[in-house]
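Throughout the sequence shown, residue numbering follows my numbering, covering 1188 to 2004 in sequence.
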Amino acid sequence: MTEQTAPHTPVSVEQFTDEIKEQLTYTQGVTTDLATDADIYVAASLAVRKHLMDSWMTTQRDMVQGSTKAVGYLSAEFLMGKQLRNALLNLGMLETFDDAVRALGHEPNAVIDAEVEPGLGNGGLGRLAACFIDSLASIGVPAFGYGIQYKYGIFRQEFDEEGRQVERPDYWINNDEPWGHIDYNRSQTVNFGGSVEEVDGKRVWKPDWAVRAVPVDYMVPGYKSGRVNTLRLWTARSFDEFDLAAFNRSDYMGAVVPQVEAENITKILYPEDSTPQGKRLRLEQQYFFVAASIADAIRVFYPGESKPDLTTFPDKICFQLNDTHPVIGIPELMRVLMDEYDYDWDTAWSITTRTFNYTCHTLLPEALEVWSAGLIGDLLPRHMEIIRGINDRFVDELKESGSDDAQIDRMRIVTAGDNPQVRMAYLATVGGSHVNGVAELHSQLLKDMTLRDFSEHYPDKFTNVTNGVTPRRFMRLANPRLSALITEGLGTDRWLSDLELLQGLAPLAQDDEFVRKFAQVKRDNKVAFANFAKEHYGFEVNPDTMFNTMVKRLHEYKRQSLKILAVISRYAAIKNGTVSADDVLPRTIFFGAKAAPGYYMAKLTIQLINNVARVINNDPDVQGKLAVHFPENYNIRLAQHLIPATELDEQISQAGKEASGTGNMKFALNGALTVGTLDGANVEIRERVGAENFFLFGMTVDEVEALYAKGYSPAAYYEADPRLKQAIDMVSNGTFSNGDRNTYAPLVADWLTKDYFMTLADFSTYADIQSEIEDLYQDQMEWNRRAILNVANSGYFSSDRSIEDYLERIWHTGPLA
Ligand code: GLS
């Protein structure tokens, strides 16, 4: 990636202070002396937005006029995190901001904290989308992120007295939101329902209701690239505020029904990760944002043309389908081309298949979305006809290529039988040019298992792009101390836009002086986190313990239960004196995880973790040796504080289940060592950082498959390892439920009889490796040397590199001149 100069002329502290004051006075109507931190936050954000405006407009102009194809990243989720500091960093204005805010009598961090974090995503998939649009802008590739501005983001998690998860609505938008610009003049109409009729030999969709899709634009500034792209999030509005006739009949509630129904479409993010929600509203959301985005792209690239030559469309923009959520875009583009612009099927198909590409983000078969054909037909009748047309032609193609009936049945986009289903991953595979997985192992498993028939039929479509994370947010902003040390060690800060430069740190792992500085950075980060945790959660955290973290969505396949069972076993060992108190390495374990509200086992696991924490933290026998903390509402802000302070990271999913993971990359880049299985991107992390700098345990994918095939009996593992038996017995005997044996009975029963993700089978090797971890930790110089090697060798996991791979393997485009 080439670094370009910052686009804007440098701003002095005085000037920026004046700009903030001007916003306060003329936009917000607040005097400087009465301004709160939140007021300053809004004013500063508006002032920063102004600095980005010229670059934003030139980027848009160059995108439309230029010869470079743009990227449209279609994603139901964008988990952006707070905007202000990121924008300041990319503009080179961090210090100017700090000084200006202090000059106004405010504390910079308090102002930054006044920003409400938009939670428009569930987890890794949504955060990846945010990293990708950051990297696209930083590399200078013209791009749109297209998604939904949900009124309520991912729920706010609280824990009740019993340690259970309680979901609270996240009405984030009910705050001053200076970043999103709502543009009523660029709205689109999105139709639903009705029927299809034959008119003059043409199929004509006669919808019966419509909503207005209004774009809310967020600027996406590149890091020192001079480019600012657009994240365009659609919000649903009704065309009529209310039904006047009903209102005049004094039916006041009835009068607002159309408005409520329309606006419901973008009301709430589905709080599901890795499982589809077969809900009509979800399909409405998907179609809503995709239809609006396609119409928008045509408007942008063919301004004012009533009969544009859309055969050039794939040269103007390519759409990346972020998982199956936007796949309805394939029949939508077909419909637009055939019904609105009169192209024949073959021309429309050629344009469509050259426009779309699909990224699959899962290996769980149940997470590949499947919609009932009846539902699609009801909501989008013309699309269902088109999907059937695609399916029929595809089946013909399979017959011609000699596929047998069984294979054809396996591959149908629309299943045969009474209650036909549309398999969206198959539609995406057939209707696009490329399909990629998100880590090497994942892409291989897609080819060998999940989409095997398709990879045999279309061998050239399948490729891999390993995920990455942006070093700007997850190193420079999250970990300023480490960033400063890296810059000192490398003699340049260019690593922020060329992360492979971190390689230059490898020799410094042998330099004791550097290792000591690195250790000091970690120590300072731990103290800072302890203070943060005290202030925000009331936790007493001892920085003289090892910080051991497991943060991610709560899911059985990720195996938080493996971690908590190991913690319980450790607790029992200290209490029983199986390990002498002097030999115990003091550890503090941090969990962070939200469970989908309807996911019973996951919620019960949260309750268990909270109660294990309660018991351990209140037991004087283990004071100073073991502590467990589970801060509520894990989000990006918490990640930015906790990751830099972590020394040992947990990536312990069952092999073959985590598509990639991106937390694993963030931890390695921030100098944590990983204990993990050979799953997802762990495999590549381990290859790069070196097997000796990664704590590997557990079964491989082949071993897992072999054990399934042979017949897995978890109870045998329970009987075989006394540590495991004791931990499970403590869960079942009420140790963590005030003596009540029923509370965790469903969890215990599942472990002993099903344990689909083989937690019990991996327990022993996981427990065994702990002593290796602790031995190494006793030698702090050696531990830190290895941590430095993790940082030095993880440069590959920059989202800039991921984007370069997409450009080369899939999008075939590049930066603007
Ligand atoms: C996910 C996968 O579960 C993660 O392994 C992956 O890192 C992420 C981004 O590719 O996508 N898929 C999903 O539905 N949620 C995810 O986080």
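For glycine and all other residues, C-beta sits at the position ideal for the given N, C-alpha and C.
>> So, under 8 Å CB-CB, L1688 and G1921 are touching, yes? Tell me the CB distance rounded to an integer number of Å.
In response: One-based indexing of the sequence shown puts residue 1688 at position 501. One-based indexing of the sequence shown puts residue 1921 at position 734. Not quite, the Cβ-Cβ distance comes to about 55 Å (not below 8 Å), so this is no contact.
>> Taking the alpha-carbon of A1814 as reference, which of N1820, G1340, P1807 and I1803 has the nearest alpha-carbon?
In response: Reading the sequence shown from its first residue, position 627 is the one you call residue 1814. For the set N1820, G1340, P1807 and I1803, the Cα lying nearest the Cα of A1814 is the one of I1803.
>> Once DSSP output is grouped into helix, strand and coil, what is the label at C1318?
In response: The residue given as residue 1318 occupies position 131 in the sequence shown. Three-state result, C1318: helix.
> With DSSP run on the structure shown, which of helix, strand or coil describes H1512?
Replying inline: In the sequence shown, counting from the first residue as 1, residue 1512 sits at position 325. The answer is coil: DSSP assigns H1512 none of H, G, I, E or B.
>> Just to confirm my understanding: we take K1750, look at its own chain, exclude 5 residues before and 5 after, and list those with CB closer than 7 Å. What are they?
In response: Taking the sequence shown and counting its residues from 1, one reaches residue 1750 at position 563. Taken in chain order, the residues that qualify are M1737, E1837 and I1839.
> Exposed or buried, what is T1657 when buried is set at 16 or more other beta-carbons lying within 10 Å of its beta-carbon?
Replying inline: As a first step, residue 1657 is located in the sequence shown; it is residue number 470 there, counting from the start. So T1657 ends up on the buried side.
>> Since V1298 and A1257 should fall inside the 8 Å C-beta cutoff, what is the C-beta to C-beta distance between them, to a whole number of angstroms?
In response: Counting from one through the sequence shown, the residue named residue 1298 turns up at place 111. Counting from one through the sequence shown, the residue named residue 1257 turns up at place 70. At roughly 34 Å, the Cβ-Cβ gap does not stay under 8 Å, so V1298 and A1257 are not in contact.
> Taking the alpha-carbon positions, what's the W2007 to N1763 distance?
Replying inline: Summary: the structure shown does not reach residue 2007, with the chain confined to residues 1188 through 2004, and so no result is reported for it.
> Which of the three DSSP states, helix, strand or coil, is assigned to A1568?
Replying inline: What you label residue 1568 is simply residue 381 of the sequence shown in a count that begins at 1. Residue 1568 is actually Pro in this sequence, not Ala. P1568: helix per DSSP, three-state reduction.
> Can we say the stretch 1443-1455 touches the stretch 1523-1539, given the rule of at least three CB pairs closer than 8 Å?
Replying inline: By the C-beta criterion, the stretch 1443-1455 is judged not to be in contact with the stretch 1523-1539, since fewer than 3 inter-stretch pairs fall below 8 Å.
>> Just to confirm, is the Cβ distance from G1327 to R1248 under 8 Å?
In response: In the sequence shown, the residue the question calls residue 1327 occupies position 140. In the sequence shown, the residue the question calls residue 1248 occupies position 61. One thing to note: G1327 has its Cβ no nearer than 8 Å to the Cβ of R1248.
> Based on the DSSP output, what are the partners of R1138 in its beta bridges?
Replying inline: The question about residue 1138 has no answer, for the chain in this structure spans 1188 to 2004.
> Taking V1978 as the reference, which of N1735, Q1913 and A1693 has the closest Cα?
Replying inline: The residue you call residue 1978 lines up with position 791 of the sequence shown. The shortest C-alpha separation from V1978 is found at A1693.
> Using a threshold of 7 Å, is the CB atom of H1141 nearer than that to any non-hydrogen atom of the ligand GLS?
Replying inline: In this structure the chain extends from 1188 to 2004, so residue 1141 is not present and cannot be described.
> Cβ atoms of M1571 and F1641: under 8 Å apart, would you say?
Replying inline: Stepping through the sequence shown from its first residue, residue 1641 is reached at position 454. Stepping through the sequence shown from its first residue, residue 1571 is reached at position 384. Cβ atoms of F1641 and M1571: not closer than 8 Å.
> Which residues in the same chain as T1204 place their Cβ atom closer than 6 Å to its Cβ, once the five residues preceding and following it in sequence are excluded?
Replying inline: To locate residue 1204, count along the sequence shown from 1; it is residue 17. Once the five neighbours on either side are set aside, the close Cβ partners of T1204 are A1287 and A1290.
> Where does E1190 fall in DSSP's three states?
Replying inline: Taking the first residue of the sequence shown as 1, we reach residue 1190 at position 3. Residue placement at E1190 is poorly supported in this model, since its pLDDT is 40, which falls under 50; the coordinates still yield a value, given next. In this structure, E1190 counts as coil in the three-state DSSP scheme.
> Taking Y1821 as the reference, which of V1251, R1972 and G1268 has the closest Cα?
Replying inline: Residue numbering aside, residue 1821 sits at position 634 when the sequence shown is read from its first letter. Checked all of V1251, R1972 and G1268; the closest Cα to Y1821 is G1268.
> When the Cβ atoms of the stretch 1503-1519 are set against those of the stretch 1544-1554, are three or more pairs found closer than 8 Å?
Replying inline: Under the Cβ criterion (8 Å, minimum of three pairs), the stretch 1503-1519 counts as touching the stretch 1544-1554.
>> Quick check: does the Cβ of E1209 come within less than 7 Å of any heavy atom belonging to the ligand GLS?
In response: Start at 1 with the first residue of the sequence shown, and residue 1209 comes out as number 22. Distances taken from the Cβ of E1209 to the heavy atoms of the ligand GLS include none shorter than 7 Å.
>> Looking at the strands, I want to know which residues DSSP matches up with T1218.
In response: The count along the sequence shown starts at 1 and reaches residue 1218 at position 31. DSSP lists no bridge partner for T1218.
> What are the start and end residues of each continuous alpha helix (DSSP H) run of 4 or more residues lying completely inside the stretch 1807-1875, in chain order?
Replying inline: If only uninterrupted alpha helix (DSSP H) runs of at least 4 residues are considered, those enclosed by the stretch 1807-1875 are 1823-1829 and 1850-1856.
> Taking Cβ to Cβ, would you say W1396 is nearer than 8 Å to G1380?
Replying inline: Taking the sequence shown and counting its residues from 1, the one referred to as residue 1396 is at position 209. Taking the sequence shown and counting its residues from 1, the one referred to as residue 1380 is at position 193. When the beta-carbon positions are compared, W1396 and G1380 come within less than 8 Å of each other.
> Below 8 Å, can you find three or more Cβ-Cβ pairs linking the stretch 1696-1713 to the stretch 1960-1979?
Replying inline: Contact between the stretch 1696-1713 and the stretch 1960-1979 is present: three or more C-beta pairs spanning the two stretches fall below 8 Å.
> Excluding five sequence neighbours on each side, which residues of the same chain lie with their C-beta closer than 8 Å to the C-beta of L2003?
Replying inline: Indexing the sequence shown from 1 puts residue 2003 at position 816. If the five residues before and after L2003 are omitted, its C-beta is found closer than 8 Å to the C-beta atoms of T1246, D1249, M1250, G1253, T1255, G1327, V1328, P1329 and R1414, all from its own chain and listed in chain order.
>> Can you tell me whether D1404 is helix, strand or coil according to DSSP?
In response: In the sequence shown, residue 1404 corresponds to position 217, counting from 1. Strand, per DSSP.
>> Rounded to the nearest angstrom, what separates D1632 and E1845 at their Cα positions?
In response: Sequence index remark: in the sequence shown, residue 1632 carries index 445 (1-based). Sequence index remark: in the sequence shown, residue 1845 carries index 658 (1-based). The identity of residue 1632 in the sequence shown is Leu, whereas the question assumes Asp. Cα-Cα distance, rounded: 11 Å.
>> Taking the alpha-carbon of P1607 as reference, which of A1478, D1596, A1560 and R1569 has the nearest alpha-carbon?
In response: Start at 1 with the first residue of the sequence shown, and residue 1607 comes out as number 420. When only C-alpha atoms are compared, the closest one is A1560.
> What is the DSSP secondary structure of H1368, counted as helix, strand or coil?
Replying inline: Against the sequence shown, residue 1368 aligns to sequence position 181. In the structure shown, H1368 sits in a strand (DSSP, three-state: E or B).
>> Short of 6 Å in beta carbon distance, which residues of its chain neighbour V1235, apart from the five on each side in sequence? Order them along the chain.
In response: Locating residue 1235 in the sequence shown gives position 48, where the first residue counts as 1. Shown here for V1235: same chain residues with a beta carbon closer than 6 Å to its own, the five before and five after excluded, namely A1274 in chain order.
> What did DSSP end up calling G1779 once you bin it into helix, strand or coil?
Replying inline: In the sequence shown, counting from the first residue as 1, residue 1779 sits at position 592. Residue state, collapsed to three classes: strand.
> Counting pairs of beta carbons, one from the stretch 1305-1317 and one from the stretch 1421-1437, are three or more of them closer than 8 Å?
Replying inline: These segments do not touch.
> Taking V1625 as the reference, which of Y1228, I1600, Y1993 and S1199 has the closest Cα?
Replying inline: Residue 1625 sits at position 438 when you count from the first residue of the sequence shown. Ranking the options by Cα distance to V1625, first place goes to Y1993.
>> Does the contact criterion of 3 or more C-beta pairs under 8 Å hold for the stretch 1938-1953 versus the stretch 1739-1756?
In response: Contact check between the stretch 1938-1953 and the stretch 1739-1756: three or more CB pairs, one atom from each, fall below 8 Å, which counts as touching.
> Along the chain, where does the alpha helix (DSSP H) that runs through A2004 open and close?
Replying inline: Reading the sequence shown from its first residue, position 817 is the one you call residue 2004. Annotation for A2004: no alpha helix (DSSP H) segment contains it, and DSSP assigns it neither H nor E.
> For W1359, which three-state DSSP category applies?
Replying inline: As a working mapping, residue 1359 is identified with position 172 in the sequence shown. DSSP places W1359 in coil when its eight states are reduced to three.
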